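Chemist:
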Amino acid sequence: MAFSEDEKQGWLARKRRRERPRPFFYDQRPVGVCIHCQAPFGMADGTVIGGVAVCDDCEECADF
């Protein structure tokens, strides 16, 4: 059975959408609250060690 050009293009577009890798975004839900400024921050925005959380902004200025 032969397919029309429109059917071929539609199939190819669906195939490309299925095969395209989804972009990876860091999970930015708050995982900690900074002990210095009390601001919540996500995984990529601070450090949590042993129950102590410090955001990157406070860690850079070392003002605590």
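Going by the numbering used here, the first residue of the sequence shown is number -18, and it counts up by one from there. Cβ atoms here follow ideal geometry from the backbone N, Cα and C, with glycine treated the same way. This one's a predicted model, so the numbers in the text were calculated from it and none came from an experiment.
#1: Does C15 come out as helix, strand or coil in the three-state DSSP assignment?
#2: Taking just the CA atoms, how far does R10 sit from V33?
#3: Given this structure, state the Cα-to-Cα distance separating G(-4) from M(-18), to the nearest angstrom.
#4: Does G27 pass the burial test, meaning 16 or more other C-beta atoms within 10 Å, or should it be called exposed?
#5: G13 to E0, Cα distance in whole Å?
#6: I'd like the span of the alpha helix (DSSP H) that includes A34, first residue to last.
Modeler: For this structure:
#1: Looking at C15 - three-state DSSP - the assignment turns out to be coil, as it is neither helix nor strand.
#2: 17 Å
#3: It is worth fixing the name first, because residue -4 is Lys in this sequence and not Gly. Looking at the two C-alpha atoms, the distance is approximately 20 Å.
#4: buried
#5: 36 Å
#6: From DSSP, A34 is part of no alpha helix (DSSP H) but of the beta strand (DSSP E) over V33 to C36.
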